[in-house]
């Protein structure tokens, strides 16, 4: 067991892991880890706020949308790693296989928009949500595309009903 833990530790160092949350992700855990992120002085204040926003969005998605729940709280993982040019924020959780196509379409459509188009689209969706003509769903994903250099998703089959869904977003260092 000690060797496995040491190997795990070395792998985390190699990946330049800054923060990792695994298991049930409640709103309280999001707040606690958010406070920890705010205190990380190794990241400039401006970048820290962007990384914090991306972390919170991904953690809340796990909390709300994970197919795996314990006491109304979603199970999953959110990690932040430091790369040479960016901070990589990634999340993963189980989802029903039936929603894969819709997620792929959303990611594909948003990846084709430039910053101005994303801003306009975000405002439209927010206005719809306020008027009660929309549910606000997708605002967080649009915000990820607005704040990050690159946003990608992936799907790993788990069984005939579920996939492990990952989202990775890069936040520029400067």
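Residue numbers (the UniProt record's numbering): 1 to 174.
Ideal placement from N, C-alpha and C gives every residue a C-beta, glycine not left out.
Report the three-state DSSP secondary structure of residue i (helix, strand or coil).
i	result
residue 38	helix
residue 170	strand
residue 113	coil
residue 140	helix
residue 149	coil
residue 156	strand
Compute the beta-carbon to beta-carbon distance between residue i and residue j, rounded to the nearest angstrom, for a pair I have assumed lies under 8 angstroms.
i	j	result
residue 24	residue 75	6 angstroms
residue 21	residue 59	7 angstroms
residue 47	residue 173	6 angstroms
residue 102	residue 63	About 20 angstroms separates the two Cβ atoms, so there is no contact after all.
Less than 8 angstroms between the C-beta atoms of residue i and residue j, yes or no?
i	j	result
residue 73	residue 80	no
residue 77	residue 91	yes
residue 138	residue 125	yes
residue 87	residue 51	yes
residue 169	residue 30	no
residue 171	residue 148	yes
residue 18	residue 83	no
residue 121	residue 142	yes
residue 118	residue 145	yes
The region 38-48 / the region 96-108 touching (three or more Cβ pairs under 8 angstroms): no
Whole beta strand (DSSP E) elements within the region 13-100, 3-residue minimum: 17-25, 73-82, 86-96
Touching by the beta-carbon criterion (3+ pairs, under 8 angstroms), the region 103-110 and the region 2-19: no
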